[in-house]
Amino acid sequence: MLNKQFHRDQFPGLHQEVNGKPLVYLDNAATAQRPQMVLDAINDYYINHNANIHRGVHSLSESATDLYENARKSLAKLLNAPSEKDLIFVRGCTEAVNLVAQTFVRSRVSKGDEILISHLEHHSNIVPWQLLCEQTGAVLKVIPMNDAGELCVDQLDDLLTEKTKFMSVVHVSNALGTINPVKEVVTKAHAKGVPVMLDGAQATPHLKVDVQDLDCDFYTVSGHKMYGPTGSGVLFGKAEHLNAMPPYHGGGEMISKVTFESTVYNAVPAKFEAGTPNIAGGIGLGAAAEFMMSIGMENIEQRDAELRVYAEQALAKVPGLRMLGTAKHKSPVFSFNIEGIHAHDIGTIIDHHGVAVRTGHHCTMPIFEYFGVAGSCRASFAFYNTEQDVDILVESLLKAIEMFK
Amino acid sequence: MTDLSKLYKQTILEHNRNPRNYGRPDHWTHHSEGLNAICGDLVHVYLTIEGDVISAINYDGESCAISMASASMMTEFIKGRAVDDALSKFELFCQLMAKGSDIQRIDALEDVNNLITVKKFPSRIKSATLCWHAMAAAIKGQPTATTE
Ligand SMILES: Cc1ncc(COP(=O)(O)O)c(C=O)c1O
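As they're listed, the protein sequences go chains A and B. Throughout the first sequence, residue numbering follows the working numbering, covering -9 to 395 in sequence. Throughout the second sequence, residue numbering follows the working numbering, covering 3 to 150 in sequence.
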């Protein structure tokens, strides 16, 4: 059950003043606020269970290990992964993409082979592939988008060729909010034998994600976007892939035996988790997953839809506002420009009214090149935002317009 | 009046409505492009240097009102100055705008001091300094400049 006021009150960061005004936090796509439960879990680890994991016989190490592994289980449940062993703790989506590029895809491509991404990708799902292409001579291909900011899925059959060796597509666009039809995308790719990774950075905070139903080969999760700690995240991979992949980093914890001649690697997921991990981060992320499940992802989806409709209607009344991204299926993310006022000026002016939005290209420069603008103002909502937040946003935009008159 | 309305109303908007020396000229001897990758601000500065005097200075680009107004003010202030003088004024402007410094005014910068309110919005200081970096880079023969 989502109890609007109760669950909003769980986020201490929301209850503060900025520039003398109550904070209206609409930069959730950049990073979300964290609930008390996550903060408590982090504190509890540092205060009551502080020890390194997987390597001590002493009690604290044991309980720290349990907390960390339980967090992995919570995340497996959130994503409906077949087993928690299919989840690798990472720093975030960026690391997850790089890991897959280097340990799964690199050995599968040679000169002239193709890797397919989409026009809607975040730079973190573009640059690692460009690096890989430089290393291997592979070629990056892009699924186009239409004027509404929707993926041109109809072109997929032509873009998937016998040269295509891998596809990586964003589930929900951080810049436009577009929810891509990823299940259909996966089906089409698999029909041509192409493995698929989905970038779930913006999906897990908003949607019920079922990696088995999606049948994706890899799925990336960014902890800080889903109410968890910064520098935390997980990569889901199908067990058959993870078992076959070489390690990404070498070091402690990922080995079962080391001599100077050779090393025997530990089993998955330890094979991919060299060194002391972000223990508190993983535990905090597990708490975030539990928090979201306690609300229920269906309830979060429903609240998102309410806020989206309300905000869409309210923003439509702002004179001179041009909305970028008008996909039929979208999450409550609004990218817009106002005629005659640069996005940064809007950002500064509405910050003065306590409204936090992001301005710029949101690490998706190709999207803005498509629309022929340098960037936008982006208001991105979470379930804890309110209709009043929308009203204050609109009022502050009207004040900015007034100022520039 | 709040700092914000002061910043926009008194200084910035006036220059936005009546930009001085705006637009790409037909001829120039020195040019640099200022790019603030994080914000996406882009300013081109075009100089004509005759002997050691900047006889003409123009700008254009695509960026926020603060950045555009700063460029407009800069061109007014720099036009007709010797190259060495322009570079020393650039140094002074950097000192004036340095994040965290207490300097509120540098007399030698005359009307440019009106930009001082920008310092109250630290995230926007780079918008104000971008064109100055581009101007200095153009003099030094560097094709691009950033504030990073
Ligand atoms: C769609 C998308 N993918 C990837 C990332 C990068 O995620 P992380 O910050 O976890 O590396 C982001 C974050 O901005 C994002 O929005």
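C-beta atoms are modelled at their ideal positions from N, C-alpha and C, and glycine is treated no differently.
Given that a residue counts as buried once 16 or more other Cβ atoms are within 10 Å of its Cβ, and exposed if not, what is B/H151? Given a span of 3 to 150 for chain B in the structure shown, any question on residue 151 of chain B remains unanswerable.
Can you check whether the C-beta of B/R126 is within less than 7 Å of a C-beta belonging to chain A? True, the Cβ-Cβ gap to chain A drops below 7 Å.
Length of the line joining the Cα atoms of A/V8 and A/D341: Between the C-alpha atoms of A/V8 and A/D341 there is a straight-line separation of about 8 Å.
Which word fits B/Q97, buried or exposed, when buried means at least 16 other C-beta atoms lie within 10 angstroms of its C-beta? B/Q97 counts as exposed, since fewer than 16 other C-beta atoms from the protein chains shown sit within 10 angstroms of its C-beta.
Could you work out which residues of chain B lie near A/M282, taking near to mean beta carbons separated by less than 9 Å? Per Cβ cutoff of 9 Å: no residues; A/M282 is ~31 Å from chain B at best.
From B/I105, B/I141, B/A140, B/L49, residue whose alpha carbon lies closest to that of B/Y24: Out of B/I105, B/I141, B/A140, B/L49, the CA that lies nearest to the CA of B/Y24 is found in B/L49.
Look at the alpha carbon of A/C206 and the alpha carbon of A/L69, and state the distance between them as a whole number of angstroms. In a straight line, the C-alpha of A/C206 is about 12 Å away from that of A/L69.
Spell out whether any CB of chain A is found under 7 Å from the CB atom of B/F92. Any Cβ of chain A closer than 7 Å to the Cβ of B/F92 would place that residue at the interface, and such an atom is absent.
Taking 7 Å as the CB-CB limit, is B/F123 close to chain A? Under the 7 Å criterion on CB atoms, B/F123 is classed as interfacial with respect to chain A.
Tell whether a beta-carbon distance below 7 Å holds between A/R368 and A/S325. Yes. Within cutoff.
Pick from A/L297, A/V299, A/D294, A/I331 that is closest to A/L311, judged by C-alpha positions: Of A/L297, A/V299, A/D294, A/I331, the residue nearest in Cα terms is A/I331.
Cβ-heavy atom distance, B/T168 to ligand 1, below 6 Å: One cannot answer for residue 168 of chain B here, as it falls past the ends of chain B, which runs 3 to 150.
By Cβ distance below 8 Å, which residues in the same chain neighbour B/D54 in space, the five residues on each side in sequence not counted? A84, V85, D86.
Helix, strand or coil: how does DSSP classify A/V176 here? When secondary structure is reduced to three states using DSSP, A/V176 falls in the helix class.
Identity of the residues DSSP links to A/M393 by a beta bridge: Per DSSP, none; premise fails for A/M393.
A/F208 to A/R98, Cα distance in whole Å? Computed Cα separation, rounded: 16 Å.
Report the start-end ranges of each beta strand (DSSP E) in the stretch 269 to 320 of chain A that is 3 residues or longer and not cut off at the edges. Fully enclosed beta strand (DSSP E) runs of 3 or longer: 311 to 314.
For A/F326, which beta-bridge partners are listed by DSSP? Partner(s): A/M313, A/C367.
Under three-state DSSP, which class holds A/H147? In the sequence as displayed, the identity of residue 147 of chain A is Asp instead of His. Helix at A/D147.
Which chain D residues sit within Cβ distance under 9 Å of A/F394? The structure shown contains no chain D; its protein chains are A and B.
Could you work out which residues of chain B lie near A/H342, taking near to mean beta carbons separated by less than 8 Å? For A/H342, the residues of chain B that pass the 8 Å Cβ criterion are T4, L6, in the order they occur in the chain.
Let me know the secondary structure DSSP gives A/H343 once reduced to three states. Coil at A/H343, not helix or strand.
Indicate, with yes or no, if ligand 1 has a heavy atom lying under 6 Å from the CB of A/A191. Yes, Cβ of A/A191 sits closer than 6 Å to a heavy atom of ligand 1.
Compute the distance between the beta-carbons of B/I68 and B/S129, then report whether it is under 7 Å. With respect to B/S129, B/I68 sits close: the two C-beta atoms are nearer than 7 Å.
How about A/A83: is its Cβ closer than 6 Å to a heavy atom in ligand 1? Checking the sequence, you will find Cys at residue 83 of chain A rather than Ala. Under cutoff, so the answer is yes.
With a threshold of 6 Å, establish whether the CB of A/S212 neighbours any heavy atom of ligand 1. Because some heavy atom of ligand 1 lies under 6 Å away, the Cβ of A/S212 counts as near it: yes.
Given that a residue counts as buried once 16 or more other Cβ atoms are within 10 Å of its Cβ, and exposed if not, what is A/L204? A/L204 is buried by the Cβ-count criterion.
Going along the chain, which unbroken runs of the beta strand (DSSP E) with 3 or more residues stay wholly within the stretch 69 to 103 of chain A? For the stretch 69 to 103 of chain A, whole beta strand (DSSP E) runs of length 3 or above, ordered along the chain, are 77 to 80.
Is A/L110 near A/V160, with beta carbons less than 7 Å apart? Between A/L110 and A/V160, the CB-CB gap stays under 7 Å.
Nearest-angstrom Cα separation, counted from B/E52 out to B/G82: When rounded, the separation of the alpha-carbon atoms in B/G82 and B/E52 is 10 Å.
From what residue to what residue does the beta strand (DSSP E) around B/E52 run? Taken as a continuous stretch (DSSP letters only), the beta strand (DSSP E) holding B/E52 covers 43 to 52.
Could you check whether the Cβ of B/G42 sits closer than 7 Å to any Cβ belonging to chain A? Yes - at least one Cβ of chain A is within 7 Å of the one on B/G42.
Can you grab the Cα-Cα spacing for the pair A/P356 / A/N60, in whole Å? Rounded to whole angstroms, the separation of the alpha carbons of A/N60 and A/P356 is 39 Å.
Less than 6 Å separating the Cβ of A/G221 from some heavy atom of ligand 2? Among the ligands present in this structure, namely ligand 1, ligand 2 is not found.
So with CB distances below 7 Å, who are the chain A contacts of B/S129? In chain order: H334.
Using a C-beta to C-beta distance shorter than 7 Å, which residues of chain B count as neighbours of A/I339? Residues of chain B with a Cβ closer than 7 Å to the Cβ of A/I339 are, in chain order, L6.
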